[in-house]
Amino acid sequence: MKISLGPIYYYWSKERVYQFYKKIAKSKVDIVYLGEVICSKRREIKLRDWLEIAHQLSAAGKEVVLSTLTLLEADSELKRLNRITQVNEYLVEANDFAAIGLLSKQQKPFAIGPSVNMYNAQSLNILFNKGLKRWCFPVELSHETLTSIMEDKNSKLETEVFAFGKLPLAFSARCFTARAYNLDKDDCQYKCIEHEKGLLLSTKEDKSFLIMNGIQTLSSSTLNLINNLEQMKEIGVDIIRINPQSEHADNIIDIFRDVIDNKVSSADAQSIIDKLISQKQCNGYWFEQAGMDMVELAQSMQ
Amino acid sequence: MELVCPAGNLPALKIAVDNGADTVYIGFGDDTNARHFAGLNFNEDRAKQGVEYAHARGRKVYIAINTYPQPSGWQRWTDAIDRAARIGADAVILADIGLMAYAKNNHPELNLHLSVQGSATSYEALDFYCQNFYIKRAVLPRVLSVAQVKKVIENSPVEIEVFGFGSLCVMVEGRCILSSYATGRSPNTYGACSPASHVEYIENDIQLETRLGGVLIDSYEKHEPAGYPTLCKGRFETMGNTYYALEEPTSLNTLDILPELKKIGVKAIKIEGRQRSPAYIRTVTKTWSEALKQLDRGHYQTKSEWNRALSEISEGFQTTLGAYHRSWQ
Numbered sequence: 000m001k002i003s004l005g006p007i008y009y010y011w012s013k014e015r016v017y018q019f020y021k022k023i024a025k026s027k028v029d030i031v032y033l034g035e036v037i038c039s040k041r042r043e044i045k046l047r048d049w050l051e052i053a054h055q056l057s058a059a060g061k062e063v064v065l066s067t068l069t070l071l072e073a074d075s076e077l078k079r080l081n082r083i084t085q086v087n088e089y090l091v092e093a094n095d096f097a098a099i100g101l102l103s104k105q106q107k108p109f110a111i112g113p114s115v116n117m118y119n120a121q122s123l124n125i126l127f128n129k130g131l132k133r134w135c136f137p138v139e140l141s142h143e144t145l146t147s148i149m150e151d152k153n154s155k156l157e158t159e160v161f162a163f164g165k166l167p168l169a170f171s172a173r174c175f176t177a178r179a180y181n182l183d184k185d186d187c188q189y190k191c192i193e194h195e196k197g198l199l200l201s202t203k204e205d206k207s208f209l210i211m212n213g214i215q216t217l218s219s220s221t222l223n224l225i226n227n228l229e230q231m232k233e234i235g236v237d238i239i240r241i242n243p244q245s246e247h248a249d250n251i252i253d254i255f256r257d258v259i260d261n262k263v264s265s266a267d268a269q270s271i272i273d274k275l276i277s278q279k280q281c282n283g284y285w286f287e288q289a290g291m292d293m294v295e296l297a298q299s300m301q
Numbered sequence: 000m001e002l003v004c005p006a007g008n009l010p011a012l013k014i015a016v017d018n019g020a021d022t023v024y025i026g027f028g029d030d031t032n033a034r035h036f037a038g039l040n041f042n043e044d045r046a047k048q049g050v051e052y053a054h055a056r057g058r059k060v061y062i063a064i065n066t067y068p069q070p071s072g073w074q075r076w077t078d079a080i081d082r083a084a085r086i087g088a089d090a091v092i093l094a095d096i097g098l099m100a101y102a103k104n105n106h107p108e109l110n111l112h113l114s115v116q117g118s119a120t121s122y123e124a125l126d127f128y129c130q131n132f133y134i135k136r137a138v139l140p141r142v143l144s145v146a147q148v149k150k151v152i153e154n155s156p157v158e159i160e161v162f163g164f165g166s167l168c169v170m171v172e173g174r175c176i177l178s179s180y181a182t183g184r185s186p187n188t189y190g191a192c193s194p195a196s197h198v199e200y201i202e203n204d205i206q207l208e209t210r211l212g213g214v215l216i217d218s219y220e221k222h223e224p225a226g227y228p229t230l231c232k233g234r235f236e237t238m239g240n241t242y243y244a245l246e247e248p249t250s251l252n253t254l255d256i257l258p259e260l261k262k263i264g265v266k267a268i269k270i271e272g273r274q275r276s277p278a279y280i281r282t283v284t285k286t287w288s289e290a291l292k293q294l295d296r297g298h299y300q301t302k303s304e305w306n307r308a309l310s311e312i313s314e315g316f317q318t319t320l321g322a323y324h325r326s327w328q
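These protein sequence lines map, in sequence, to chains Z and X.
Going letter by letter, the first sequence gives residues 0 to 301 in numbering that gives the first Met the number 0.
Going letter by letter, the second sequence gives residues 0 to 328 in numbering that gives the first Met the number 0.
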């Protein structure tokens, strides 16, 4: 199995992003998804900068994929999407049906991200015939569903599973970060850049619950499927995806690599991760439970 | 503009037809639609009676089959499409492209509409659905401003239906799994958001707590009216403030921008609320049908009695223009 690094969901400064990918270039990651997928107002990094980072990562032997915006609203966003779909050097990850339409019209191969709803093999096979090369399993589905889909989807279609990171849970027209500052979205003052991990949302009894990241809502718990990699191999998963946080992305990648290569046991890897990650972890979706649940290894074996 | 009203059972459908709905949309009694609630919805026989009742009066019935089938349930969804075709539904409202292909191949005469759960927000997305599955109409997610809806309509290959009134999704429909994060069940997988099966109301001496999947969504002082714990409408804390961080309990109401919606070419206005009571259906249908008639006659002005009637049946007794109005975003 290969390891991919998903697109950065947060708004980081240009300098920070360049630093981040410099580290990633030295990690054991195989595939890197690049691009702004949340908010088109975030302009620290322009398409030409992303392409520059892409060249650097390619030179370091990484496969680069360009990711598109998830929620398209304005015409200017469609125009920007158009420009990305016209880049010929890299595969494009479509994150909505406008991108899928534009890429399939140009008869270009493409990948799809976790927020394109593919819940059955019939849907996947339609897109396969339109040029779909790789799909990312929706995060809210279970391993049983994945197993069934794998039996009926075209065998040439690569399967990627979101295995580590904050779960992308929702997108909105509303900017929750601007709202938290009592600002209009049109005058958001780019507050997201002050929150490199997003804004934590807790319940009234002070339990961490969600993360607001501009128009996106994420889980506050970190998805961790390190204990389920063997199962993924058996099902035939091609790639596991890790989503970047501001810290430890390169360490996490290397830990997953070692477990996949049977150099480190998943139990040992789990204890290393426990030391790195202070927030709660979750894996409930994989077991057809509430996404925020954590099914412990012993329970999952029963 | 066509008035598309909800109905959760046959009496509600008849009330909608009798009070001026051009079309009623319904669902079958299982997880094939996004209002999968106990005791709600239609079996084949009742749906057939509903279609006959509407057709006899020159009205239409659409059937929502707008959740996403997983492999284990595939046949339940294709059966629902077969059933809709068999009873003469005027359209099926779908979100999953696998089902669209199934409907197109097996029932070429059946009209396909793209559900709001399909999350299409641009004409490029609509073009994809139109080219590949010959959809006739799309329902837009409640995320676009009026100017953005206009842009979509100007370039859209299909008719556009928009939400006019009812409970407000603050998130893009079809792309929100907050509910399954807390409960394991989401609109996409199960056809319900913040399902009642996972709701708890816990009262102590000081306050009433509402929980979803064990998560504290809100708490109320004794004198405060308590709301249903829909996940995105709870009070949470961030940066030292506790407030409705995502959205207040409120309903969408677009009566004030009705002339604009007509002018930009909206084909149909959808009213949310298949889960609501026959009294709700009567009030919304009557009010909206009157407003649309007034609009057709020209000299439109929102009547305060309409807004009053709608406020009384709105969540939190307040309404908003939602994303149509840029400042809401």
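Heads up, the beta-carbon is just placed ideally off N, CA and C, and yes, glycines get one too.
Within 8 angstroms, strictly: CB atoms of residue i and residue j
i                         : j                            : result
glutamate 49 of chain X   : leucine 2 of chain X         : It is glycine, not glutamate, that sits at residue 49 of chain X in the sequence shown. In this structure, leucine 2 of chain X does not lie closer than 8 angstroms to glycine 49 of chain X by Cβ.
alanine 93 of chain Z     : valine 115 of chain Z        : yes
isoleucine 312 of chain X : valine 161 of chain X        : no
tyrosine 200 of chain X   : leucine 207 of chain X       : yes
isoleucine 241 of chain Z : phenylalanine 163 of chain Z : yes
leucine 245 of chain X    : serine 178 of chain X        : no
glycine 60 of chain Z     : leucine 102 of chain Z       : no
glutamate 271 of chain X  : proline 10 of chain X        : no
isoleucine 210 of chain Z : leucine 198 of chain Z       : yes
glycine 26 of chain X     : arginine 184 of chain X      : no
glycine 315 of chain X    : glutamate 236 of chain X     : no
isoleucine 44 of chain Z  : threonine 67 of chain Z      : no
alanine 169 of chain Z    : isoleucine 176 of chain X    : yes
serine 288 of chain X     : glycine 19 of chain X        : yes
Simplified DSSP state of residue i, which is helix, strand or coil
i                         : result
glycine 164 of chain Z    : strand
arginine 210 of chain X   : strand
asparagine 87 of chain Z  : coil
serine 201 of chain Z     : strand
tryptophan 134 of chain Z : strand
asparagine 226 of chain Z : helix
serine 179 of chain X     : helix
cysteine 129 of chain X   : helix
glutamine 280 of chain Z  : strand
cysteine 4 of chain X     : strand
histidine 247 of chain Z  : coil
arginine 56 of chain X    : coil
Range of the contiguous beta strand (DSSP E) that encloses residue i
i                            : result
glutamine 215 of chain Z     : 215-223
phenylalanine 208 of chain Z : 207-212
leucine 254 of chain X       : Segment: none, leucine 254 of chain X is in no beta strand (DSSP E) and carries neither H nor E.
glutamate 236 of chain X     : 235-237
phenylalanine 27 of chain X  : That residue, phenylalanine 27 of chain X, is in no beta strand (DSSP E); it is neither H nor E in DSSP.
tyrosine 200 of chain X      : 198-202
Partners in chain X for residue i, counting only beta-carbon separations shorter than 8 angstroms
i                         : result
isoleucine 125 of chain Z : Ile96, Gly97, Ala100 and Asn131
alanine 110 of chain Z    : By Cβ distance, chain X contributes nothing, its closest Cβ being about 16 angstroms from alanine 110 of chain Z, past 8 angstroms.
leucine 101 of chain Z    : Glu123
Proximal chain Z residues relative to residue i, where beta-carbon distance stays under 7 angstroms
i                       : result
leucine 2 of chain X    : What leucine 2 of chain X touches in chain Z: nothing, since even the nearest Cβ is about 25 angstroms away.
lysine 150 of chain X   : Asp74
arginine 325 of chain X : Asp185
glutamine 74 of chain X : Residues of chain Z passing the Cβ test: none, with the nearest at roughly 11 angstroms.
Range covered by the alpha helix (DSSP H) that runs through residue i
i                         : result
methionine 149 of chain Z : 142-151
tyrosine 189 of chain X   : 186-189
tryptophan 287 of chain X : 277-296
valine 145 of chain X     : 145-154
isoleucine 192 of chain Z : No alpha helix (DSSP H) contains isoleucine 192 of chain Z, which DSSP labels as neither H nor E.
threonine 241 of chain X  : From DSSP, threonine 241 of chain X is part of no alpha helix (DSSP H) but of the beta strand (DSSP E) over 240-242.
Neighbour list for residue i in chain Z, Cβ cutoff strictly below 8 angstroms
i                        : result
threonine 318 of chain X : Under the 8 angstroms cutoff, chain Z gives no residues; its nearest Cβ is about 16 angstroms from threonine 318 of chain X.
Chain-ordered neighbours of residue i on chain X, where CB pairs are closer than 7 angstroms
i                        : result
methionine 0 of chain Z  : Here the premise fails: no neighbours, minimum Cβ distance about 22 angstroms.
histidine 204 of chain Z : Position check: residue 204 of chain Z holds glutamate in this sequence, whereas histidine was assumed. Simply Leu215.
leucine 156 of chain Z   : Result: empty, since nearest Cβ-Cβ is about 14 angstroms, beyond 7 angstroms.
8 angstroms contact criterion, which residue i and residue j should meet: CB distance rounded
i                        : j                         : result
glutamine 121 of chain Z : alanine 94 of chain X     : The pair is not a contact, with the Cβ atoms about 13 angstroms apart (cut-off 8 angstroms).
serine 3 of chain Z      : isoleucine 238 of chain Z : 5 angstroms
valine 91 of chain X     : leucine 111 of chain X    : 6 angstroms
arginine 136 of chain X  : valine 157 of chain X     : 6 angstroms
leucine 166 of chain Z   : serine 218 of chain Z     : 4 angstroms
lysine 232 of chain X    : tyrosine 242 of chain X   : Contact doesn't hold; Cβ gap of about 12 angstroms is too wide.
Contact list for residue i against chain Z, beta-carbon separation under 9 angstroms
i                         : result
isoleucine 176 of chain X : Pro137, Val138, Glu139, Leu166, Pro167, Leu168, Ala169, Tyr284 and Gly290
Interface partners of residue i on chain X, CB under 9 angstroms
i                      : result
leucine 222 of chain Z : Neighbours of leucine 222 of chain Z on chain X: none; closest Cβ ~10 angstroms, over 9 angstroms.
cysteine 38 of chain Z : Those do not exist, as cysteine 38 of chain Z stays about 12 angstroms from chain X at its closest Cβ, beyond 9 angstroms.
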